[in-house]
Structures are given as C-alpha cells and as structure tokens.
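A short worksheet on the structure shown next.
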Ligand code: PDD
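Residue numbers (my numbering): 94 to 383.
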C-alpha cells in the first residue's frame with residue numbers, strides 16, 4: 094500500500110496529473126527513512142530535515158510531525174517486511190505550467206515503503222569500487238530535492254565504469270557521493286567533511302560520528318582535500334539504505350591495501366551493535382516523534 098494525497102491504495106492504482114510540478118519541474122523534496130523491526134529510525138531527525146528541505150524551497154509543510162508519524166505508521170503496518178525503507182515525497186502540486194509559484198495549490202504528498210535489504214556480505218568482504226567526478230550540482234545540496242538529474246548522471250558514470258558510487262570533488266575538496274556521504278581515513282583519523290550547503294546532512298553520517306565519539310575513535314570534521322582522498326588508507330560511504338560500506342578501489346586504483354580496513358571493521362561492528370540494540374529496540378514505536 095502507498096499513500097497519495099489522503100488515500101491509501103496499491104501502488105498500481107496511484108495516479109498523478111501530468112501537470113504536477115514534481116513531474117514538470119522536479120519542484121519538490123523527499124526523504125528516505127530506514128525502518129528496523131517496524132520502528133522508523135530517527136524519525137524526528139528525518140522530519141526535521143524534511144522541514145529544512147521544505148523551507149529551502151519555500152513550501153509549507155502539509156503535515157504536522159504527529160500527522161506524518163501517523164501516516165508512516167499506517168504504511169509500515171501495511172508492508173510485509175519488518176525492515177523497510179520509507180520514501181516520502183512532497184511536490185508543489187498541480188498547476189498550469191509557469192515557473193513562478195502557483196497560488197492556492199495543495200501540495201502533492203506521496204509515501205511508499207519497500208523492503209530494506211542491507212548490503213550483501215560479499216560486498217562488505219571485498220569492498221566496492223568508486224570513481225571520482227567533478228561535483229557539478231547546484232549550491233543547495235543540503236536540500237533533499239527530487240530534482241536529482243545531476244545525481245542520476247553522476248551515479249550512472251560509476252555504473253558505466255563498473256563501479257557503484259561516484260565520489261564528488263568540488264574545487265579541490267570532497268563533498269559527498271552521488272547518493273551517499275563519504276568518509277576518508279588518513280593516518281588513522283576518520284575525516285568527515287563539514288555539513289554545509291555543498292552536501293546532504295546525512296542521518297547515517299551523524300550516527301557514524303556519534304559512534305566514533307562514543308568509542309574514542311579519532312575523528313575530525315573538516316574539509317577533506319582531493320589529495321587526501323587519493324592517498325587515503327580507507328574510504329567509507331554511508332546512507333540510510335547502504336549503512337556503511339568500504340570503498341576499496343577508486344578510479345581503478347586500490348584504496349590503501351585494496352581491501353576493507355580496520356576502521357571499516359570497527360565502525361561496521363559498532364553500527365551493527367547499535368542497530369540491534371538501539372534501532373531495533375527503543376521504548377516507543379515512534380521514537381523521537383511528538
Ligand atoms: N540518499 N548524500 C546524498 C546525495 C544522498 O542522496 C544520501 C541518501 C545521503 C545519505 O543520507 P542518509 O544517511 O540520511 O541516508 C547523502 C537516499 C538514501 C536516497 O536518495 O535514496
């Protein structure tokens with residue numbers, strides 16, 4: 094079952110008018126929320142990031158946090174898997190084609206859920222390949238906009254090169270991946286680029302830094318240069334759907350020793366422990382929601 098503008102229905106029955114501004118202009122924002130054992134992870138933080146994205150495109154939030162959490166609860170309950178990922182999508186609604194904002198138009202709200210399949214063990218054992226590319230996106234990458242054409246093209250470059258992700262470089266510094274955040278390990282220190290307008294503030298990124306802080310893993314949040322990326326001991330990617338994965342080849346060359354390193358092993362273990370205790374546990378179904 095999916096949710097579309099007030100109704101629950103099978104996805105095959107869902108229809109939107111062709112003049113929806115999401116379809117015409119990519120004028121909307123989205124969120125992806127992982128659900129473990131039917132509990133949405135960091136719902137409050139995801140809804141806060143949704144609000145930030147809506148503010149960024151000057152669109153009023155169509156729902157209160159309580160309403161969002163009720164809608165999500167129904168979608169989770171109607172899906173078979175215990176582990177899911179929720180996709181929420183809000184557009185500026187349906188209006189005659191004109192770039193300027195329409196007046197008095199209801200936003201389009203769409204929610205779906207899919208089974209959450211974490212990366213297969215073989216990939217974690219060998220690590221994955223990535224390429225680098227110049228970050229040619231706009232200067233509001235902190236907004237989780239549905240207009241993802243640059244990300245789509247950048248990610249496809251990786252696929253065409255037999256890799257799975259593209260590490261983006263802007264003016265000599267690393268920003269993030271086409272659909273993930275990127276960490277670099279240099280001299281035993283975990284390096285994370287600072288959250289700013291050049292990258293999406295990842296929820297998984299936060300978890301990794303919290304785990305590092307709680308376990309006395311040396312880390313620095315600062316700009317990471319292209320040189321540091323190219324001479325890294327390890328490179329990691331993170332996202333809600335991929336958790337933490339080791340990048341062991343970059344532009345066809347081995348990263349460090351070309352296999353998942355000690356920092357990956359440690360953070361992955363800490364992440365799995367955190368998942369089985371905090372993410373799957375929790376006192377209320379909708380932790381952090383009001
Ligand atoms: N993408 N940066 C970009 C550009 C992303 O698209 C994503 C996630 C992230 C990681 O954010 P988080 O840890 O909150 O998932 C960083 C989602 C999964 C997607 O578009 O499907």
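In this text, a Cβ means the ideal position worked out from N, Cα and C, and glycines have one as well.
The beta carbon of residue 143 lies closer than 6 Å to those of 124 in the same chain, with the five residues before and after it left out. Here residue 235 is not near residue 182, since their CB atoms are 8 Å or more apart. Counting along the chain, residue 204 sits inside the beta strand (DSSP E) bounded by residues 201 to 208. Fully enclosed beta strand (DSSP E) runs of no fewer than 3 residues occupy 177 to 184, 201 to 208, 221 to 227 of the segment 167 to 237, in order along the chain. Judged by their CB atoms, residue 263 and residue 149 are not nearer to each other than the 8 Å cut-off. Taking C-beta atoms as the reference points, residue 285 and residue 244 fail to come closer than 8 Å. Note that the C-beta distance between residue 178 and residue 109 is not below 8 Å.
Annotation: residue 104 is outside any alpha helix (DSSP H) and is labelled neither H nor E by DSSP.
Residue 346 sits in a strand when the DSSP states are folded into three classes.
Distance check between residue 277 and each of 335, 240, 339 places 339 closest, using alpha-carbon atoms only. Annotation for residue 358: the continuous alpha helix (DSSP H) segment containing it runs 355 to 367.
Straight through space, the alpha carbons of residue 350 and residue 173 are spaced by roughly 41 Å. Where residue 243 is concerned, the enclosing alpha helix (DSSP H) starts and stops at 242 to 253.
For the pair residue 361 and residue 209, the CB atoms are not nearer than the 8 Å cut-off. Between the segment 105 to 120 and the segment 187 to 204 there are three or more inter-stretch CB-CB distances shorter than 8 Å, so the stretches are counted as touching.
If you compare the alpha carbons of 198, 190, 269, 201 with that of residue 229, the shortest gap goes to 269.
Remark: the C-beta of residue 293 is in contact range of ligand 1, defined as less than 7 Å to any heavy atom. About 6 Å separates the CB atoms of residue 250 and residue 224; that is less than 8 Å, so the two are in contact.
Using a cutoff of 7 Å, the CB of residue 334 counts as near ligand 1, since one of the ligand's heavy atoms is closer than that. Boundaries for residue 371: no alpha helix (DSSP H) harbours it, and the DSSP string shows neither H nor E there. Counted as a single uninterrupted DSSP element, the stretch harbouring residue 322 is not any beta strand (DSSP E) but the alpha helix (DSSP H) occupying residues 319 to 323. Note on residue 120: 16 or more other CB atoms within 10 angstroms of its CB, so buried under the neighbour-count rule. Taking C-beta atoms as the reference points, residue 329 and residue 305 fail to come closer than 8 Å.
The C-beta separation of residue 301 from residue 334 comes to about 15 Å, leaving the pair out of contact by the 8 Å criterion. Here the alpha carbon of residue 103 sits roughly 13 Å from the alpha carbon of residue 167. For residue 270, the distance from the CB to the nearest heavy atom of ligand 1 is below 7 Å. DSSP lists 132 as the beta-bridge partner residues of residue 129. Residue 125 has its Cβ nearer than 7 Å to a heavy atom of ligand 1. Closer than 7 Å to some heavy atom of ligand 1: that describes the Cβ of residue 298. Under the DSSP assignment, residue 283 falls in the beta strand (DSSP E) whose first and last residues are 282 to 285.
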